[in-house]
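Novice: If you want this note's numbering, it's the position in the sequence shown, counting the first as 1, plus 85. Heads up, the beta-carbon is just placed ideally off N, CA and C, and yes, glycines get one too. Below is a structure I'd like to ask you about.
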Amino acid sequence: MLPESERLYLREMTEEDYEPLYSVLADSDIMRHYPYTFDEARVRGWTAKNIERYRVFGFGLWAVVLKETGR
């Protein structure tokens, strides 16, 4: 069971997470302390790598979802 609060829950990432992830990872203001911003291919690859980690290792990075909106 994954941790959950009144407002948030965690879940495995899916391909459908591309748009919200891209909006964050491609934003130079948000990523200013990271070595680079992500382009479309890098976001898709990063998501695919995490999905593969769930299969191979049984865990990976999680999506944090706001219960109120599902985003």
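1) If you follow the alpha helix (DSSP H) that Ala133 is in, where does it begin and where does it stop?
2) With a threshold of 8 angstroms, are at least 3 pairs of Cβ atoms found where one atom belongs to the region 92 to 99 and the other to the region 132 to 152?
3) Using the three-state DSSP reduction, which class does Tyr121 fall into: helix, strand or coil?
4) Taking the C-alpha atoms as reference points, what is the distance between Ser113 and Pro88?
5) Under 8 angstroms, do Tyr107 and Val141 count as touching if we go by C-beta distance?
6) Grab the span of the beta strand (DSSP E) containing Leu93 for me, first residue to last.
Specialist: According to the data block:
1) One-based indexing of the sequence shown puts residue 133 at position 48. Residues Glu125 to Phe142.
2) They touch, by the three-pair rule.
3) In the sequence shown, the residue the question calls residue 121 occupies position 36. Coil.
4) Residue 113 sits at position 28 when you count from the first residue of the sequence shown. Residue 88 sits at position 3 when you count from the first residue of the sequence shown. The alpha-carbon atoms of Ser113 and Pro88 are separated by roughly 30 angstroms.
5) Residue numbering aside, residue 107 sits at position 22 when the sequence shown is read from its first letter. Residue numbering aside, residue 141 sits at position 56 when the sequence shown is read from its first letter. No. Outside cutoff.
6) Within the sequence shown, numbered from 1, the residue matching residue 93 stands at position 8. Leu93 to Glu97 is the extent of the beta strand (DSSP E) around Leu93.
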